[in-house]
Every structure is written in C-alpha cells, then in structure tokens.
Amino acid sequence: MTPTLILAIAGGVLIAAGVYLLLERSLMRILAGVMLAGNGVNLLFLVSAGPAGDAAIVGADPETIADPLPQAMVLTAIVITLATSAFLLAMSYRSFQLEGHDEVADDVEDAIIRRRAEADLSSEAYVDTSSDSDSESGGRDDSESGGRIERETGSRAEDEDIR
Amino acid sequence: MDLANLVPIPVLLPLLAAGITLILARHPAWQKIVSGTTLGLVAVFALVLCLAADAQGPIVLWVGAWPDGLGIVLVADRLSSLMVLVSSIVTAIVVIFPSRRDVSDSADGAPVSVFHPTFLVLTAGVSNAFLAGDLFNLFVGFEILLFSSYVLIMLGATRERVRAGSTYVVVSVLSSTLFLLAISLVYGATGTVSFAQLPERLAALDPGLQLVIQLLLLVVFGIKAAIFPLQAWLPDSYPTAPASVTAVFAGLLTKVGVFAIMRMQTLLFPDSPLTDLLLVVAILTMLLGILGALAQGEIKRLLSFTLVSHIGYMLLGIALGSEAGLGASIFYIVHHILVQTALFIVVGLIERVGGSTSLARLGGLASVPLLAVLYLVPALNLGGIPPFSGFLGKVALMDAALATETPLALLAVIAGVATSLLTLIAVIRVWQRAFWQDRGEDDDRVHSLRVLPRIWVVAASALVGITVLLTVIAGPLTDFAYRAAVDIQGGAYTVAVEEALP
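Line order of the protein sequences matches chains P and V.
For the first sequence, the UniProt record's numbering begins at 1 and goes up steadily by one.
For the second sequence, the UniProt record's numbering begins at 1 and goes up steadily by one.
Okay, structure coming up:
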C-alpha cells in the first residue's frame, strides 16, 4: 500500500487548523473548527483506503477498484458532520438570541467558587455552627446567592418581555 | 426461531417507537404509553438475550448476511446483554417521570413533544453501542446517543441549559472527531475494524503504533466515561438538564464509555493492560471527584461529582486486568447504573417537594418519611454501607486489587476505602441539611408527597426497590459477572463471531 503524501499532509493541516479554531470561545469559530477537523479526518480515511482505483461497482474488476469500505465510512462521517454543523449553528443562534453573543460562558459555579476564594469565604457546603459570627456570615451568603438567583430570573423575565 | 434474530431488537424497537411517538406528538399521554411499553418490551427481550447468552455463549448476528464478514455484526455476549438489560430496565422506569412542567421548566412554549422520540433514540443508541461488533458501529452507536443527548440536555433551550449544553456539545464533538481519527488509523494499519479480526492484526503491528492507537482510543472513551483528567465537562453540564434526563445521563452515558474501555482493553489489547497508568488514573479520578463533591452546596452537582469519583472504581477493576477485577467491575457497573439513577430521580422528587436542590435553601424534609427513606437507602448504598450492593461491589474490587499484591494496587485500595468514606460524608451532609436542618423562617412551603403524581412515587420506590434487590440477587449476579469476565478473558467473543460468519 502506498499512501498519498499530499492527502496526508492536507488532512494534517486541516485538523491542525480545526483544533486551533476549537480552542476559541465563539461558537461560530468552533463550528468552523469542527468542520475543518472533520474534513481533515475524512481525508485521512482516504489515505487509509490505499491507492486510488476504479469506482467500486458490482461487476468491476476486483483487482482495480478502490477499497469501498473507507468510502462508506467517510459517507457516514460526512452525514454526521453535517448534522453536527446544523446543530451547532442552531445552538449558536440560540445563544446569540439569549445573550447577544455566541461565546461559551464559564461555569457559573466555578465563578462563584472563585469569588468566594478571593473573598476568603468557606465553600457553600460548609456550615460552621460552633460560633455565632460564622453562622451569621453563612446566613448572609445564602441570602446573597438567593439574591443572585432572583436577579437572574428577573433578567430572564425582562428578556421575555422584550420578545 | 433463531435466537440471533433477537439481537437487533433492542436497537430497532426503540427506533420504530421513536417514529410512532413523533406521529403522536399532539397526544402526550399516548406518547408516554408507547415509549413505556416499548422500553418494557426491550427489557423483556434483553432478559431473554441475557439468559440465552449465558446458556449458549455469545449470540452473533451478521446483519444482512453479507459474504466474507463485510456487513455489520451485532454481538450479545454475557457482558453486553447484561448491560442492555440493565439499561433497558433503567430507561423503562425513568420514562415515567418527565411531565410537561418538568421538561419545559421555566421556558414557555418549549417543544416538549420532542422528549419521547429523542429519549427512545437515545436508548437505541445506547443498545447499539453495547451490541456493536466493530469499531465503526460503536462509533455510530455513540453518535446516535450523543445527538439525542445534545437535544435532551438543552430541552427548552433556556439560558442556563444552552450555556451548560454548549460545553457538553463541544467536548463531545471533539471526542467524536478523535474517535473517527482513531478509526481511520486502525483501518489504515490493519485493514479492518471488526472486533473479532482486530486482536490478531493489531498484535502483528509495531508496538509503538499499537500503543498510539490504544492511547488514542483510551482518550476518546475516557472523555465519554469522564475519567480524570478528562472529567471537567461533566459536573458542569449534567445538573442543568431536567431531573429525569440527568438521571439517565448519569446512570447510562458514562457507563457506555466505561464499557467501551473494558471492551478495548480486554478484546483489542489483551497484551498491553497499561495497569500502572490506569491505576493511577483510577486513584486520581476517585479522590479528585469526591473532593469536588465535598465542596458542593447543590445536590445535583454534588451527585455529579460522586459520579465522576465512582467511575474510578470501575476503572480500577479494568486496570487490574484479572478475571476477579473485571468481574467485580462488571458488578459495580450494574450497581452504579441503578443506584446513581435512583439518586438523581429522588433528587428530582426532592426538588419538587422542597422547591430547590440547594442545600442552603432546603430543610425539614424529614417530615416526609417516605421521601427520606427513598433518599437514604440509595445514598447509603452509594456510600458502601453493608449489606447494600455498593459495599459488596467495593469489597469485590478491593479483594481483586489485593490479590495482585503490587504497591500501586495497595494504594488504590487505600484510595478506594477513603473515597468510600468521603462519599458517605458527602451524601450524609445532604441528609443532614436537606432533611434535618431547620427551615428558614420565611419558608412556608408545606412539605408533602401530594404535590407529586402518585405514579412518580411508585416508580421511584420501584427503582429504589431494585437497588435493594441487588443485594438479594448479589450471589447469582456476581457469578454471572465472573462468567462474563471469564468469557472475555477466554476469547469466546472472537470464536463465536467467526463461527457465525455467513
């Protein structure tokens, strides 16, 4: 089997570009990255199919036809990439609808933990009932987080109004 | 009738029912009946498959009977038929829960009719992944279940769910691309993707290339199974989905990844167990997962972290590579699917009764004794309290690890015991705060199970009952698991597939 060097290099470049774009925050760029990487992998399938040959149709000489199995796999992969792209497009549009941008946000809880660490507070799971001052601060935090949730639902209601 | 014709039923029946429920989109009650009946039927067929596979060895079906093994092959050996059985039981029970309000949450006008078709397709994908006899079909099974899970995790497309879902989708797409890359590597190197032919041909390859393929597949399945250091996506994305969806995801999807790792390690690379690497990964998964759980103040997130942590136990059994280790691991997978699903379902009930899943806002739920029992039993089970199945599974794993007598395995045992204790602390903290702490003064909710549909309480009790039943049938079940492990080690799979070649 003699693989085509050009296909392999092209596949590698596409995957590299795809991975670079996947690392971005914007969903549209991630989408572009997914498509590039997907196509790169499809090219690699063609490499693994071996040398080019005739179309694999029943009745053709089995010696001269190209390996049909990778082609079947690539077809499946193309369909799946198409579906993924459609879904990602819908998702980024919805994200744009809700937030005004399509960037993947940080985990909310992570952000809370980071804020608590900066403010030198204990985690939400920890309740110290031994001393009064601590339990007071615990109570205050609860109301804070409650307030945060209320604010969020409030802004959500506003969005609905606007629409 | 030839038993082999039963093998594709767990895949085909849900797909067919998905079409029917789509037609019935305007009749939610009928949708629920159709999907409930279908999944119940699948469970019955899976039980038949399970018994048959136990009696006469792996059942193989070459779909379409293409010559020379060109077509798709489905294989139900002891391991995969057991997995299909457990997953169909879980899905058949969980499908009772979703109601209009639960699924759409705060988003009015959300397309709730989509839930049942998608859920059924998810089930088909899970079964397909379990039964697949080649790498590419495994990939297709993964894609089916992933796509359904994308839809389910973002049901209603609220702000929270889109945010959490984005991470999930991007990570899953990345792992799919890597999987495809691995398949093209495997095909290029060996000229086949069949599980039956691969072991021999992979063994003939250059050891370096073998290792590359193995590690690539390990990363792919590791992302799905959420093992350290590939677990960060899970605790963020699972808790925001509707309770019933989270329950199935937590119970099943990660286990499909673990199952794939087990298949790969035992079938494709039997000579390269990577014991040390996997043991280290298992230890870190267990400890870091449970330390994360301890810091959480929200029950669903806490349980998601314990989920990650307990994946480490299953990995521990696989890492050992011995029959005892694999058998214990299989038992633990069965136990964990049921217990984790039960816990998430009960948390869904807690959310309805108490109005929140945040520990700071819950309290006084002990006034609802049935709910308390429903939580405490699976929680103690997860924490490994005898005589529950969690204890039995952990003991079996520790036993297998101690039998290998390496320092690292000993370390894994210590980590396992520590994790078990820390899990207990985590779930008991929920118990204390949600059920026994005083309620806030402004909280005037009346806690009662009456706010729930009666069938929910019945279904949740049934699920918890099954987790308790695991203790009763632990003897036959462990025997079955060990026979499955012997099967795996003895190469019965390859032999059966080649014998069935049309």
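A virtual CB, placed ideally from N, CA and C, is assigned to each residue, including glycine.
### Contacts of V:GLY188 in chain P (Cβ-Cβ under 7 Å)
VAL47 and SER48
### Query
Among residues of its own chain, excluding the 5 on either side of P:ALA37, which ones have a beta-carbon nearer than 6 Å to its beta-carbon?
These residues qualify, in order along the chain: ILE15 and GLY18.
### Query
Are V:ILE488 and V:LEU79 closer than 8 Å when you measure CB to CB?
yes
### Query
How should V:HIS116 be labelled, buried or exposed, when 16 other C-beta atoms within 10 angstroms of its C-beta is the threshold for buried?
By the neighbour-count rule (16 or more Cβ atoms within 10 Å), V:HIS116 is buried.
### Message
Between V:SER104 and chain P, is the shortest Cβ-Cβ distance under 8 Å, so that the two count as touching?
### Response
Confidence at V:SER104 is low in this model, with a pLDDT of 48, below 50, so the placement of that residue is unreliable and no value is reported for it.
### Query
Would a C-beta distance cut-off of 8 Å place V:VAL256 and V:ALA92 closer than the cut-off?
Taking a C-beta distance under 8 Å as the contact criterion, V:VAL256 and V:ALA92 do not qualify as a contact pair.
### Task
Please confirm if V:ALA157 has its CB atom under 8 Å from at least one CB of chain P.
yes
### Message
I'd like the list of long-range same chain contacts for V:VAL245, defined as Cβ closer than 6 Å, with 5 residues on each side in sequence excluded.
### Response
LEU152
### Query
Grouping DSSP H, G and I as helix and E and B as strand, with all else coil, what is V:TRP66?
coil
### Task
Can you say whether P:VAL41 is buried or exposed, counting buried as having 16 or more other CB atoms within 10 angstroms of its CB?
buried
### Task
Have a look at V:LEU287 and V:PHE305 and give me their C-alpha separation to the nearest angstrom.
10 Å
### Message
Please state the DSSP three-state secondary structure of P:SER26.
### Response
In this structure, P:SER26 counts as strand in the three-state DSSP scheme.
### Message
For the ligand GDP, I want to know if V:PHE249 counts as a neighbour, meaning its beta carbon is within less than 7 Å of at least one of the ligand's heavy atoms.
### Response
Absence of the ligand GDP is noted for the structure shown, with no ligands found whatsoever.
#### Entry: Alpha-carbon to alpha-carbon, V:GLY125 and P:PRO51
One C-alpha to the other measures close to 34 Å.
#### Entry: Selection of the region 211-244 of chain V by Cβ proximity to chain P, strictly under 7 Å
Legend: CB atoms of the region 211-244 of chain V lying less than 7 Å from CB atoms of chain P belong to residues ASP236.
### Task
Give the DSSP bridge partners of V:LEU61, in chain order.
Assignment of beta-bridge partners to V:LEU61 by DSSP yields V:LEU74.
### Task
Assign P:SER92 to one of two classes, buried (16 or more other C-beta atoms within 10 Å of its C-beta) or exposed (fewer than that).
Per the 10 Å Cβ criterion, buried.
### Rounded separation between P:LEU7 and P:MET28 - CA only
26 Å
### Query
Can a CB atom of chain P be found closer than 8 Å to the CB of V:THR118?
no
### Task
Using a cut-off of 8 Å between C-beta atoms, extract the partners of P:ALA83 located in chain V.
PHE147
### Message
Could you tell me the alpha carbon to alpha carbon distance between V:ILE428 and V:ILE337, rounded to whole angstroms?
### Response
Each residue's Cα considered, the two are about 20 Å apart.
### Query
Does the beta-carbon distance from V:ALA250 to V:LEU307 come in below 8 Å?
Judged by beta-carbon spacing, V:LEU307 lies within the 8 Å limit of V:ALA250, meaning their Cβ atoms are closer than that value.
### Query
Which residues in chain P sit within 8 Å of V:TYR80, going by Cβ to Cβ distance?
Checking the displayed sequence, the identity of residue 80 of chain V turns out to be Ser instead of Tyr. Those do not exist, as V:SER80 stays about 22 Å from chain P at its closest Cβ, beyond 8 Å.
### Query
To the nearest angstrom, how far is it from the Cα of P:VAL108 to the Cα of V:ASP54?
The C-alpha of P:VAL108 lies about 48 Å from the C-alpha of V:ASP54.
### Message
Per DSSP, what are the beta-bridge partners of V:SER194 in this structure?
### Response
Beta-bridge analysis with DSSP links V:SER194 to V:ASP134.
### Query
Mind checking whether V:VAL7 and V:ALA76 have CB atoms under 8 Å apart?
yes
### Query
With 8 Å set as the bound, which would you pick, yes or no: does the beta-carbon of P:VAL41 sit closer than that to a beta-carbon of chain V?
yes
### Task
For V:GLN56, count neighbouring C-beta atoms within 10 Å of its own C-beta (all shown protein chains included) and say buried if the count is 16 or more, exposed if not.
exposed
### Query
Closest Cβ-Cβ distance between V:THR419 and chain P: below 8 Å?
Answer no: the Cβ-Cβ gap between V:THR419 and chain P never drops below 8 Å.
### Query
Name the chain P residues that come within less than 9 Å of V:VAL140, Cβ to Cβ?
THR76 and ILE80
### Query
Using a Cβ cut-off of 8 Å, which residues of the region 29-40 of chain P contact any Cβ in chain V, in chain order?
ILE30, VAL34, ALA37 and GLY38
### Query
Taking the continuous alpha helix (DSSP H) assigned at V:ARG263, which residues delimit it?
254-263
### Message
Does V:ASP236 pass the burial test, meaning 16 or more other C-beta atoms within 10 Å, or should it be called exposed?
### Response
buried
### Query
Under 7 Å Cβ-Cβ, which residues of chain P neighbour V:TYR150?
PHE87
### Query
What does DSSP give as the partner residues of P:ILE57 in its beta bridges?
P:ILE57 pairs with nothing; no bridge assigned.
### Query
DSSP state of V:GLU160, grouped into three classes?
If DSSP states are grouped into helix, strand and coil, V:GLU160 belongs with the helices.
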